[in-house]
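Student: The opening position of the sequence shown corresponds to residue 127 in the numbering used here, with each subsequent residue numbered one higher.
First the structure, then my questions, so here it is.
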Amino acid sequence: MKRIHSLIIIFFALVGPIHAELLYNSTWNYTLDLPEGFELVATDGVDSFQYTHSFMPITTIIKSYSFDKYASSKETIQASFTQINATALSEIDSVDWQNQDCSIAMFSMQFEGVSYEGWAFSCSLPSKKGMVLLLTYATAEKADNCQQFLLSVLDSFYLGTENIKNPGAITSYAFPSTEDISYIVHIADKDIPVTMDKEAAMANEFVIEREYAILTLYSNSELWREAWQRYYRMIYRDSYLRLQQASFEIYSQLYPLAKEIDPEHTNRELAQILLTWTQGFSYEREKTNSDFANLPSIISGDGSDCDSRSMLLSVLLAHMNCQTMMFVSAEFSHALFGIATEGSKGKNAHIVVDGTSYLLGETTGHVDLGLIAVEMSDITKWISVLDF
């Protein structure tokens with residue numbers, strides 16, 4: 127008990143389940159989007175937090191330090207291993223992430239006669255604010271089966287609030303940027319060269335399948351809705367920066383066309399052009415567990431389904447200064463794209479989220495923006511999944 131308590135100063139306060147929200151620490155300026163079902167069991171209120179999961183044998187600890195305590199991420203991990211008498215199962219490796227000093231390692235330890243295995247991640251905080259340490263681990267006999275979950279915990283850490291639309295640290299570690307490659311996309315009779323990282327599709331696929339494996343754990347849980355929302359949030363975050371350059375390249379070619387067609391409602395026309403483009407994609411079910419096509423592959427010409435198309439439009443148009451949303455329905459087994467733009471109310475199909483009206487787009491049928499099948503018009507059956 128003392129080894130764990132030496133790592134974080136603990137008193138029991140504000141304990142309980144954590145779900146359906148991002149956890150922002152304003153003192154140290156970081157954000158967590160943990161998988162659903164974690165409960166805060168111990169904290170000092172500012173620097174140290176310990177979470178245990180309600181149905182997975184997983185514990186997560188996050189601790190912040192000033193720079194006068196530890197000078198580097200590697201030193202932070204080494205010191206924590208000493209404090210909890212942990213054994214490194216891998217080298218403490220550096221991670222190229224967010225222009226910060228980051229390190230990662232696997233470890234094992236004994237605590238009250240029980241063996242544990244997991245991951246340690248440390249990262250410098252911007253503006254020399256300090257260092258943060260994240261430990262996430264499972265009981266040793268279950269650790270192999272918990273790897274996807276543990277990796278998702280690592281990717282749930284973000285610096286500040288402005289960086290939450292970036293690939294997570296563990297995915298960046300596994301799939302570092304390599305070289306850009308170009309594709310030609312055909313939109314509105316225009317051949318548009320777009321640029322993406324060579325590893326973008328593989329990295330995005332890694333996140334999609336990992337998060338789907340986690341989502342399936344909630345199929346019989348009362349947290350299924352929140353878990354579903356997080357599943358799409360994690361995919362969106364990983365996709366956003368990967369499609370940034372391609373979004374700008376598409377925008378530079380299509381915005382003048384949209385403005386020429388409708389100078390008063392240019393963003394709506396831009397959304398209509400892109401919606402028509404996605405409606406022309408070949409409709410294919412993925413041969414993966416998730417059945418969700420990774421977004422870089424869709425742009426490069428692969429087939430897709432309704433949810434991947436809706437996600438693609440949400441990401442592209444968000445880069446084009448549009449407020450977007452995605453909606454999914456378990457009852458209809460379908461997904462829709464939403465954009466806050468002119469004509470978002472009235473007779474057009476729309477859904478209001480937190481006071482903002484989103485005009486709906488059907489990506490698999492050849493209909494205009496604002497039109498959906500009448501049998502899917504019950505808005506109570508739709509869940510917004512990108513409102514963060």
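We put the CB at the ideal spot given by N, CA and C, even for glycine.
Between residue 286 and residue 150, what straight-line distance do the alpha-carbon atoms span, to the nearest angstrom?
Tutor: Rounded to whole angstroms, residue 286 to residue 150 spans 8 Å at the Cα level.
Student: So residue 443 and residue 369 are in contact, right, with Cβ under 8 Å, and what is the actual spacing, rounded?
Tutor: No, residue 443 and residue 369 are not in contact; Cβ-Cβ is about 11 Å, not under 8 Å.
Student: Cβ of residue 300 versus every heavy atom of the ligand SAH: is any distance shorter than 8 Å?
Tutor: As far as ligands go, the structure on display features none, and thus does not contain the ligand SAH.
Student: For residue 315, which of 166, 406, 237 has the nearest alpha-carbon?
Tutor: Answer by Cα proximity: 406.
Student: Scan the segment 146-201 and note each continuous alpha helix (DSSP H) run of 4 residues or more that stays entirely inside, going in chain order.
Tutor: Listed in chain order, nothing qualifies, since the segment 146-201 has no complete alpha helix (DSSP H) run of 4 or more residues.
Student: Skipping 5 residues on each side, what residues in its chain have a beta carbon closer than 6 Å to that of residue 269?
Tutor: Result list for residue 269: 243, in chain order.
Student: Taking the continuous beta strand (DSSP E) assigned at residue 264, which residues delimit it?
Tutor: Note, residue 264: beta strand (DSSP E), 256-265.
Student: Report the CB separation of residue 166 from residue 157 in whole angstroms; it is logged as a contact under 8 Å.
Tutor: Contact flag wrong, Cβ pair sits at about 15 Å.
Student: Got a sec? Which residues, its chain only, sit under 7 Å from residue 446 by beta carbon, not counting five neighbours each side?
Tutor: 373, 377, 396, listed in sequence order.
Student: Would residue 511 and residue 359 be called neighbours here (beta carbons separated by less than 9 Å)?
Tutor: Against a cut-off of 9 Å, the Cβ pair of residue 359 and residue 511 comes out as a contact.
Student: Buried or exposed: where does residue 291 fall if 16 or more other Cβ atoms within 10 Å of its Cβ makes it buried?
Tutor: Buried: at least 16 other Cβ atoms inside 10 Å.
Student: If you run the structure through DSSP and keep just helix, strand and coil, what is residue 249?
Tutor: DSSP places residue 249 in strand when its eight states are reduced to three.
Student: Would you kindly work out how many angstroms separate the C-alpha atoms of residue 388 and residue 454, rounded to a whole number?
Tutor: Taking the straight line joining both Cα atoms gives about 30 Å.
Student: Taking the DSSP output, what are the residues bridged to residue 223?
Tutor: Per DSSP, 226.
Student: Considering only their Cβ atoms, is the gap separating residue 246 from residue 232 smaller than 9 Å?
Tutor: Their beta carbons are under 9 Å apart, which means residue 232 touches residue 246 by this criterion.
Student: Tell me, to the nearest whole angstrom, how far the beta carbon of residue 356 is from that of residue 277; I am working on the premise that it is less than 8 Å.
Tutor: Actually they do not touch by this definition, with Cβ atoms about 14 Å apart.
Student: Would you say residue 463 and residue 497 are within 9 Å of each other, going by their C-beta atoms?
Tutor: Cβ atoms of residue 463 and residue 497: not closer than 9 Å.
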